[in-house]
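Participant: Going by my numbering, the first residue of the sequence shown is number -12, and it counts up by one from there. Beta carbons: idealized from backbone N, C-alpha and C, even for Gly. The structure displayed is predicted, hence computed values, not measured ones. Once you've had a glance at the structure underneath, I'll fire off some questions.
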Amino acid sequence: MGNIIPNPPSIPGPETDWEDLVDRDTASYYGLNEIVLTQWTEGNTTIPAIAEGSQIDIEGSIGRFTTEEAISGSTADGTLYVKFVVVTGVVTPEFTTEEPTWHSTKGG
């Protein structure tokens, strides 16, 4: 599963606060989408996963995948989308047939 990189407090204190701040600075910009799918080659029938190192902007926070992550949900024939669900700082990708709609204030 992916994790949200937390925002540091208003005045960063411990070393981990500064590490989070540097991570956000080097990884973030509005609309970041560096998601790579594994097994993405013509003729490959293996279900793709989110590749290790992938990152995505989710409502201004950065979701980062430090390990390869399987995508849950149905892989029925037809057009599929990947939806990123966030619950208590954990990002889980899932397949959906529901077409996304653009939300300009969220940048995606």
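If you measure between the beta carbons of F52 and V69, is that distance less than 8 angstroms?
Facilitator: For the purposes of this step, residue 52 is taken as the residue at position 65 of the sequence shown. For the purposes of this step, residue 69 is taken as the residue at position 82 of the sequence shown. No, the pair does not count as a contact, with Cβ atoms beyond the cut-off.
Participant: Please classify P87: does DSSP put it in a helix, a strand, or coil?
Facilitator: Taking the first residue of the sequence shown as position 1, residue 87 is located at position 100. Here P87 sits in coil by DSSP.
Participant: Could you work out which residue in S91, A36 and I(-9) is closest to T62 when comparing CA atoms only?
Facilitator: Your numbering for residue 62 matches position 75 in the sequence shown. Of the listed residues, the one whose Cα sits closest to T62 is A36.
Participant: Identify whether Q26 lies in helix, strand or coil by the three-state DSSP scheme.
Facilitator: For the purposes of this step, residue 26 is taken as residue 39 along the sequence shown, with counting starting at 1. Coil.
Participant: Compare the Cα-Cα distances from L67 to each of T28, I34 and E29 and report the closest residue.
Facilitator: Here residue 67 corresponds to residue number 80 of the sequence shown, with the count starting at 1. Cα-wise, what sits closest to L67 is I34.
Participant: Report the partner residues of D44 according to the DSSP bridge assignment.
Facilitator: As a position in the sequence shown, residue 44 is number 57, starting the count at 1. Paired residue(s): I49.
Participant: Measure from the alpha carbon of V73 to the alpha carbon of each residue in T25, D44 and S91, then state which is nearest.
Facilitator: By one-based count along the sequence shown, residue 73 stands at place 86. Answer by Cα proximity: D44.
Participant: Could you tell me how far apart the beta carbons of I22 and G76 are, in whole angstroms, since I believe they sit closer than 8 angstroms?
Facilitator: In the sequence shown, counting from the first residue as 1, residue 22 sits at position 35. In the sequence shown, counting from the first residue as 1, residue 76 sits at position 89. In fact, because the Cβ distance is near 18 angstroms, the residues do not count as touching under 8 angstroms.
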